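> Its first residue numbered 1, the sequence shown is counted upward by one per residue in the UniProt record's numbering. Built from N, CA and C at the ideal position, the CB exists for glycine as well. Quick caveat: nothing in here was measured; it's all calculated off a predicted structure.
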Amino acid sequence: IPVYAKKLGVNIDELIVSQPDTGEQALEIVDTLVRSNAIDVLVVDSVAALVPRAEIEGEMGDSHVGLQARLMSQSLRKLTGSISRSRCMVIFINQLRMKIGVMYGNPETTTGGNALKFYASVRLDIRRTGQIKDRDEIIGNATRVKVVKNKVAPPFK
Numbered sequence: 001i002p003v004y005a006k007k008l009g010v011n012i013d014e015l016i017v018s019q020p021d022t023g024e025q026a027l028e029i030v031d032t033l034v035r036s037n038a039i040d041v042l043v044v045d046s047v048a049a050l051v052p053r054a055e056i057e058g059e060m061g062d063s064h065v066g067l068q069a070r071l072m073s074q075s076l077r078k079l080t081g082s083i084s085r086s087r088c089m090v091i092f093i094n095q096l097r098m099k100i101g102v103m104y105g106n107p108e109t110t111t112g113g114n115a116l117k118f119y120a121s122v123r124l125d126i127r128r129t130g131q132i133k134d135r136d137e138i139i140g141n142a143t144r145v146k147v148v149k150n151k152v153a154p155p156f157k
């Protein structure tokens, strides 16, 4: 991870990387770091990877419907207060999933239930639209960013 981050221009001397075993552990670390006021920007990559402990410890094929959504909901209730009292920005990266059998409306959805959509101050939909090339070498991605939600600025400015 730090090798790629360095290529992107991240000061890796200031970078802390944590790879917890469970979603609960990850969100507990987030809360501790936010409350420490020692971190300016914290990135959770990704919400889809925040697997609840019960799902990790359970058997393959066990039903764990709603576990991740419940984990996110409980954690975000606690985290929101910590974040608002701190000078830390927390960025949650999520992935799109396709809803099965949707005939009308948008078949795309994000993992982790509705809590993140509700608690987020800003939501961005970032999509790759192509590649940026320097002769034959791919040096980046062209992207389109759509502001889906913004509670920190006046609308349509």
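1. Output the distance between the C-alpha atoms of S36 and H64, rounded to the nearest integer angstrom.
2. Closest to E108 by CA distance: which of D125, F118, L76, G23 is it?
3. Can you tell me whether DSSP reads Q74 as helix, strand or coil?
4. Leaving out five residues on either side along the sequence, give the residues of the same chain with a beta carbon under 7 Å from the beta carbon of T129.
5. Helix, strand or coil for G140? Go by DSSP, reduced to three states.
6. If you follow the beta strand (DSSP E) that E108 is in, where does it begin and where does it stop?
7. Taking Cβ to Cβ, would you say S75 is nearer than 8 Å to L27?
8. Ignore the nearest five residues each way along the sequence and tell me which others in S73's own chain have a CB closer than 7 Å to its CB.
9. Do I12 and P20 have their beta-carbon atoms positioned less than 8 Å apart in this structure?
10. Could you work out which residue in T32, D31, T80, A38 is closest to E14 when comparing CA atoms only?
11. Using 8 Å as the cut-off, can you tell me whether the stretch 83-94 makes contact with the stretch 42-54, which would need three or more C-beta pairs spanning the two stretches below that distance?
12. Using three-state DSSP, classify I29 as helix, strand or coil.
13. In this structure, how does DSSP classify Q131 when only helix, strand and coil are distinguished?
Inspection of the coordinates gives the following:
1. Taking the first residue of the sequence shown as position 1, residue 36 is located at position 36. Taking the first residue of the sequence shown as position 1, residue 64 is located at position 64. Cα to Cα, S36 sits roughly 33 Å from H64.
2. Counted from its first residue, the sequence shown places residue 108 at position 108. For E108, the nearest C-alpha among the options comes from D125.
3. Position 74 of the sequence shown, counted from the start, is the residue given in the question as residue 74. Of the three classes helix, strand and coil, the one that applies to Q74 here is helix, per DSSP.
4. Numbered from its first residue, the sequence shown carries residue 129 at position 129. Around T129: A142, T143, R144.
5. Within the sequence shown, residue 140 is the residue found at index 140, counting from 1. DSSP places G140 in strand when its eight states are reduced to three.
6. Here residue 108 is taken as the residue at index 108 of the sequence shown, counted from 1. Unbroken beta strand (DSSP E) run through E108: 108-110.
7. The count along the sequence shown starts at 1 and reaches residue 75 at position 75. The count along the sequence shown starts at 1 and reaches residue 27 at position 27. Yes, the Cβ-Cβ distance between S75 and L27 is below 8 Å.
8. Here residue 73 is taken as the residue at index 73 of the sequence shown, counted from 1. Excluding positions up to five away in sequence, the list reads G113, A115.
9. Here residue 20 is taken as the residue at index 20 of the sequence shown, counted from 1. Here residue 12 is taken as the residue at index 12 of the sequence shown, counted from 1. No, the pair does not count as a contact, with Cβ atoms beyond the cut-off.
10. Here residue 14 refers to the residue found at position 14 when the sequence shown is read from its first residue. Among T32, D31, T80, A38, the Cα nearest to that of E14 is on A38.
11. yes
12. For the purposes of this step, residue 29 is taken as residue 29 along the sequence shown, with counting starting at 1. Of the three classes helix, strand and coil, the one that applies to I29 here is helix, per DSSP.
13. In the sequence shown, the residue the question calls residue 131 occupies position 131. Strand, per DSSP.
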